[in-house]
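All residue numbers for the sequence shown refer to numbering that gives the first Met the number 0, where the first residue is 0 and numbers rise by one. One structure is given below, encoded as C-alpha cells.
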Amino acid sequence: MSLPLLVDVPATLEPLISRNLQSLRAAVAQTPSLSVDDWTAERWDQFTRVTAASDFVLEQVLRDPAMLLDLVNSGELDRSFAPGELCTQIAAATQVAESEDELARNLRRQRSRQQVRIIWRDLNRQADLVQSCRDLSDLADACIDQAYQWLYPRHCQQFGTPMGHRSGLPQHMVVLGMGKLGAVELNLSSDIDLIFAFPEGGETEGVKRSLDNQEFFTRLGQRLIKALDPITVDGFVFRVDMRLRPYGSAGALVLSFNALEQYYQDQGRDWERYAMIKARVVAGDQVAGAQLLDMLRPFVYRRYLDFSAIEALRTMKQLIQQEVRRKGMADNIKLGAGGIREVEFIAQAFQLIHGGRDLSLQQRPLLKVLATLEGQGYLPPAVVAELREGYEFLRYTEHAIQAIADRQTQMLPDDELDRARIAFMLGFTDWASFHEQLMHWRGRIDWHFRQVIADPDEDENEEGEVIVGGEWLPLWEEAQNEEAACRQLQDAGFADPGKALKQLAGLRSSPQLRAMQRLGRERLDAFIPRLLAQAVEHADPDLVLERVLPLVEAVARRSAYLVLLTENPGALRRLLTLCAASPWIAEQITRFPLLLDELLNEGRLFSPPLAPELAAELRERLTRIPEDDLEQQMEALRHFKLAHSLRVAASEIAGNLPLMKVSDYLTWLAEAILNQVLALAWRQTVARHGQPKRSDGSLCDPGFIIIGYGKVGGIELGHGSDLDLVFIHDGDPQAETDGAKPIDSAQFFTRLGQRIIHLLTTQTNSGQLYDVDMRLRPSGASGLLVSSLGAFERYQQNEAWTWEHQALVRARVLVGCPQVGAAFEAVRARVLGQARDLAKLQAEVSEMRAKMRDNLGTKVSAAGTGANAFEAGVPFDIKQDAGGIVDIEFMVQYAALAWSHEHPELLRYTDNIRILEGLEEVGLMPASDAVLLREVYKAFRSAAHRQALQKQAGVIDATQFVQERREVRRIWGELGLT
C-alpha cells in the first residue's frame, strides 16, 4: 500500500495542539540562544501533527529543545540518511565516552534523538514503512556494535585477550540479531532478540590470571546488555531479550560455534528453525558471523521438501492462540487472528518447506519473501497483493500505536484520545472508518492464513455435529409448568427429574447469573439447551448435570467460555464425558476454567507428549514471558501443569494410557517443571548474590541437584501426588559468592532451596504447583534445608536409620548439575551396597512396618491382620493395610538392602517393578512370586488411581483382592519379615 494519507488534525486533538505549542515556546524561551521564530508554516504544521500524535516526541522535545532545533537546522528531518551516516553519528557519541556510565548515557541520548527523527519523518509521510524500519534497524545495529567496539578493548585490558586454542588467533564475539532486527524490520518500540557466540574455545592472554574464553565472553555479554537495556534517567537504548538462545533463560549466555552447531543439530526445535530464518550478524566479527550462519543453514533449510514445517507452524500458532484467548488479546494486531504474525507464518511456511531447494527463498525481509513467492509462482499475484497491503496496513498501525508513548505494545487502545490519534496517523477522519478498514485486512489475512496453515480437519462436520438442543429451550426459559418439565427430564433419562429441575433453578437464581450483562445471558441461554441435549446422551445424566453445573456457574461472568463450548460441540462432549467419569476432573476444570482450552483439540487432549516434547513446550512457553515478570512465569508453570495433568487423566479415562504410562507422564511433567523452577530460582538468586564457588575456585553452574524420593523417585506419581525432595550441592561452604551482595555458599544454596520451594508451593490464581515434603533430608525437619554432598554421605554412612536407607532405594536425581548427579549416584551405591546383618535388617524393617500399620492402617481390622480382614463391609486400605502396597514396597527395599552388595545391579533402578524384575533375573526370588508381586502391585495402584479420580480415599471393601493379599503376606513371611 502507499503511505497513509495526510488528513486534517481532528477536533478532538485541538486542545492538545494548543498546549503543545505553548509548551514548546516556553521550553525554547528558557535558553536565549534557541529560537523557533524562523520556522515556516510547513514546519509548524509538521510539529503540530507529530506532537498531537506522540506524547513521546513531545516529552523528548520539551526535555531537550536544542536537540529538535539541531535536527531542524541540520536538515536531518527532511532527508534520508546516506548509508553509514547514522552509524557515524553513533560512533562519534560512543568514542568520546570515558566510562561505562558515560557510554550508556551517550547511547541513550542518541537513541532519543534518532527516535524523534524517525517518528517525525514517519508521521509526516517523509519516510515509508521500509525506510522507517531500516532506520530503526540501522540504529539498533549501530548502538550494539559501537557499544561492543567500545567495551571489547577495555574488557581485554582487564581480563586479557581471548585466543583460539585451535587457530591461535584473537577471538571476537558474534552478535546475531533475531526476529524483526534480523530482518531489518524493527518497529518503533521493539525489543531486540539477540544471540551471542564466539568462534572457538581457549583462554585469555596478557594478564596474570587468564580466563576461559567462555567466561570472558559471558562477562563481556553482560556488560553489553547493561549498556543497552536498563532504564535510567535518560531512558533506555533497546530492551534486550536473550531468550532465543539455546536452552532459553536457563542456558549459557554465550556459546562457542561448535556448541551452537551441536545444540541445533541434536536438540533444535521447529520454533528455533523458524526463528533462525531471520538471524543476521548485527555486531562483532562479521566474517566469523558469516561462517556461523553457514554452519547453521542446514538446520534451518532442509535439502528436501519439508512439509512437516506446516504442522510445526500450526502448533506454534495454536500455542499463540491459546495465549491470546487466555489473556483477552483479540485486539492484538500482531498475535490476534488476521494479525502480523499470520503473514509472517505464511511466508515462513514456504521458506521452511521449499527453502532448502529454492535458494531465492533464503532471505530475511518479509516483503522481499512475498515478492519471491509471487515471482516464483508459489502464490498467485492477487493473494500476495492482499497479504502485502494488509501487512503494511498492520505495520503502519503498529507504528502508530507505539509512537504515542514509545511502549512495546500491539494492542488497540480503548482510550478515545488514543483512538483518535491512531485514526489520524493512518489517514482516517475517525476511529470507526479506520477500524472498519483494519478488520477488512485482518479478515483477508486470516482467510489466506487458513488456506496455507490451518488444519484441514478443523471445520469438518460443522453443520452436522452442531446440536442446537432447541427442545430444551422452553424448560430452561420456564415456558412450561413444573410437571411438564419433570416429565420431559424423566422421559429423557433423568432418574431424579425434580432434583435436576431444582439444580437448574438454583443456577438461574444464583448471584453470578443475576449479575450477568445482557450479552452473557444470551450466551448462557444458547448454551444450556445444548448442555442438556448432550447430557441425556450419557448413561447417568443426573450425575453429569450435578458435576457440570458448578462449572457453568463459575464461568458465567466470563461468558466467552460458554461461547467456546457452544460453538465447539466436540469440546462440550469431551467435557461431559470427563466430568461423568471423574469428579476430580470436574472439580479441576471448575476451579481453573482456562483448562477448557484443552478440550478443543481431541488429538492433543488424549495424546500427552513424551518427556522431550514436554520439556521443549514448557521452555518455549516461558520464552515468551519477560525474564523479570515472575508472576506470569509462575502462572505459566501452573497452567502448564494443570493442562498436562488434565491430558494425562483424560487419556487414562479413555483407556489410552495404562497405569505405568500414567505415572511416567506425571513424573516427566514434574521433572520438566522442576527443571524450569530450578532455572528460575538460580537466575534470581545469582542476580542478587552472584555465583557460588566450588572448593577448587571454579564457579558453580549450578553445582546443585534435586533428588526425588518416594513416588517421584520411583516414577510412580499419581494424580495430586506431592513431591518428596532433597536438595544437594557441591559448593565450598566457606567461599563467598562473586556478586554485589556476597554471601557464603551454604547460605546461597539455602536461599536457592527456599526459592525453589516458594516457586513450587505458593498459591496463585492457578493454585500451587506441588505440595513439597522435605522431611527425608538428613536429620529430617531439624536438618539443613540443603546439604553438601559430603555431609549427605557422612550422614547416610554414620547416622541414618534403616528406614532412611529404605527410602534411599527409591531416590534418584531429577534435575540439576550432571556432575553432581553422577557423584550422588556413586554415594547412593556405596551406602546401599554395604553388607548387612540380615537378621538385624529383617527385625528393623518388620518393626518399622508394624509401626506404620498401627498408626495408619484400618483400626477395625487391625490393619488387615484381624480375623475380619476379608469380610464384606470391612474397609481395606489399599496402601497401608497388611498385604497392600506398602508391604510390597518394603519387601523390595529389604531385598535391595540385603543383597545389593552381592548384586549391585539391583540398585540400577528406583522403581519397584524393575527391581522385582532384577530380583527374578539374579535368582533371589522365584519367577512366580516376582511376577505375582508385580501384577498385584500394578492392580493395587490402578485401584488407588481410580479412587483418586473419583475423589475417594484409597479404601475399598475387604472382599476385594483377597487372594492377592494372602499371597503378598505369604511372600512377606518367606522373606523372614514379621
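All C-beta atoms, glycine included, are put in the ideal place defined by N, C-alpha and C. These figures come from a predicted structure and were not determined experimentally.
Over what stretch of residues does the alpha helix (DSSP H) that includes residue i continue unbroken?
{"i": "Phe726", "result": "From DSSP, Phe726 is part of no alpha helix (DSSP H) but of the beta strand (DSSP E) over Leu722 to His728."}
{"i": "Ile452", "result": "Note, Ile452: premise wrong, no alpha helix (DSSP H); not H, not E."}
{"i": "Thr217", "result": "Asn212 to Leu227"}
{"i": "Phe875", "result": "Counting along the chain, Phe875 falls outside any alpha helix (DSSP H), though it belongs to the beta strand (DSSP E) covering Pro874 to Asp876."}
{"i": "Val808", "result": "Thr801 to Val808"}
Starting from the Cα of residue i, find the closest Cα among the options and give me that residue.
{"i": "Gly975", "options": "Ile877, Arg603 and Leu840", "result": "Leu840"}
{"i": "Thr736", "options": "Gly702, Ile756 and Val711", "result": "Gly702"}
{"i": "Lys333", "options": "Arg418, Arg394 and His718", "result": "Arg394"}
{"i": "Thr589", "options": "Val547, Ala739 and Val232", "result": "Val547"}
{"i": "Arg682", "options": "Gly492, Lys850, Leu252 and Asp429", "result": "Leu252"}
{"i": "Asp192", "options": "Arg279, Val115, Asn123 and Ala491", "result": "Arg279"}
{"i": "Ser899", "options": "Ile914, Val173 and Gly178", "result": "Ile914"}
{"i": "Asn567", "options": "Ala866, Asp596 and Ile624", "result": "Asp596"}
{"i": "Ala555", "options": "Leu542, Glu521, Gln511 and Asp743", "result": "Gln511"}
{"i": "Val961", "options": "Gly863, Ala929, Val930 and Asp134", "result": "Gly863"}
{"i": "Thr50", "options": "Glu482, Gln362, Arg110 and Ile421", "result": "Ile421"}
{"i": "Val685", "options": "Phe195, Asp524, Thr87 and Asp743", "result": "Asp743"}
{"i": "Ala834", "options": "His434, Tyr893, Leu291 and Ala336", "result": "Tyr893"}
How long is the line joining the alpha carbons of residue i and residue j, rounded to whole angstroms?
{"i": "Glu464", "j": "Asp539", "result": "Confidence at Glu464 is low in this model, with a pLDDT of 36, below 50, so its placement is unreliable and no value can be given for it."}
{"i": "Glu978", "j": "Arg443", "result": "Because residue 978 is not part of the residues shown, which for the chain are 0 to 977, the question remains open."}
{"i": "Ala559", "j": "Thr576", "result": "21 Å"}
{"i": "Trp471", "j": "Lys937", "result": "45 Å"}
{"i": "Leu751", "j": "Phe823", "result": "19 Å"}
{"i": "Ser32", "j": "Val60", "result": "16 Å"}
{"i": "Trp971", "j": "Arg933", "result": "14 Å"}
{"i": "Arg18", "j": "Met424", "result": "19 Å"}
{"i": "Ile466", "j": "Ala532", "result": "Because Ile466 sits at a pLDDT of 38, beneath the cut-off of 50, its placement in the model cannot be relied upon, and the point is left open."}
{"i": "Cys155", "j": "Ile345", "result": "45 Å"}
{"i": "Ile400", "j": "Asp414", "result": "12 Å"}
{"i": "Ala648", "j": "Asp928", "result": "31 Å"}
{"i": "Glu13", "j": "Val95", "result": "43 Å"}
{"i": "Glu343", "j": "Leu358", "result": "18 Å"}
{"i": "Glu271", "j": "Arg572", "result": "36 Å"}
{"i": "Ala895", "j": "Val844", "result": "12 Å"}
{"i": "Pro379", "j": "Val129", "result": "23 Å"}
{"i": "Glu388", "j": "Val451", "result": "18 Å"}
{"i": "Ala92", "j": "Trp149", "result": "11 Å"}
{"i": "Glu630", "j": "Leu621", "result": "12 Å"}
{"i": "Ala799", "j": "Met851", "result": "19 Å"}
Are the beta-carbon atoms belonging to residue i and residue j less than 8 Å from one another?
{"i": "His643", "j": "Leu604", "result": "no"}
{"i": "Arg809", "j": "Thr666", "result": "no"}
{"i": "Gln946", "j": "Gly953", "result": "yes"}
{"i": "Phe298", "j": "Met275", "result": "yes"}
{"i": "Ala289", "j": "Ala52", "result": "no"}
{"i": "Asp628", "j": "Lys692", "result": "no"}
{"i": "Leu162", "j": "Glu202", "result": "The identity of residue 162 in the sequence shown is Met, whereas the question assumes Leu. Taking 8 Å as the Cβ cut-off, Met162 and Glu202 qualify as a contacting pair."}
{"i": "His638", "j": "Ser786", "result": "no"}
{"i": "Val978", "j": "Asp729", "result": "Given that the chain is displayed from residue 0 to residue 977, the structure contains no residue 978 and the question cannot be resolved."}
{"i": "Leu295", "j": "Glu260", "result": "yes"}
Beta strand (DSSP E) containing residue i: first to last residue?
{"i": "Ser786", "result": "Val785 to Ser787"}
{"i": "Pro14", "result": "Not the beta strand (DSSP E): Pro14 falls in the alpha helix (DSSP H), residues Glu13 to Ala28."}
{"i": "Met162", "result": "Thr160 to Gly163"}
{"i": "Glu202", "result": "Gly201 to Glu204"}
{"i": "Val299", "result": "Looking at the DSSP string, Val299 is not in any beta strand (DSSP E); the run it does join, the alpha helix (DSSP H), is Gln285 to Val299."}
{"i": "Asp417", "result": "Element bounds for Asp417: not the beta strand (DSSP E) but the alpha helix (DSSP H), Glu415 to Met424."}
{"i": "Ile887", "result": "That residue, Ile887, is in no beta strand (DSSP E); its alpha helix (DSSP H) goes Ile884 to Trp898."}
{"i": "Asn329", "result": "A small correction: the amino acid at residue 329 is Ala; Asn does not occupy that position in the sequence shown. Taken as a continuous stretch (DSSP letters only), Ala329 belongs to no beta strand (DSSP E), as it is neither H nor E."}
{"i": "Arg811", "result": "Arg811 to Gly815"}
Is residue i near the ligand FMN, judged by its Cβ being under 7 Å from some heavy atom?
{"i": "Met847", "result": "No copy of the ligand FMN appears in this structure; indeed no ligand is present at all."}
Note down, one range per segment and in chain order, each alpha helix (DSSP H) of at least 4 residues found wholly within the region 687–769.
709–712 and 744–760
Please give the ranges of any beta strand (DSSP E) in the region 121–145, keeping only runs that are unbroken, at least 3 residues long and fully inside the region.
none
4 or more residues per run - each alpha helix (DSSP H) lying fully within the region 821–867:
837–855
Could I get the ranges of all uninterrupted alpha helix (DSSP H) runs contained in the region 550–594, with 4 residues as the minimum, in chain order?
559–566, 568–580 and 582–590
Which ranges would you report for the alpha helix (DSSP H) in the region 910–966 if only whole runs of at least 4 residues count?
911–920 and 926–948
Extract the residue ranges of the alpha helix (DSSP H) inside the region 470–510, only unbroken runs of 4 or more that lie entirely within it.
472–475, 481–490 and 496–507
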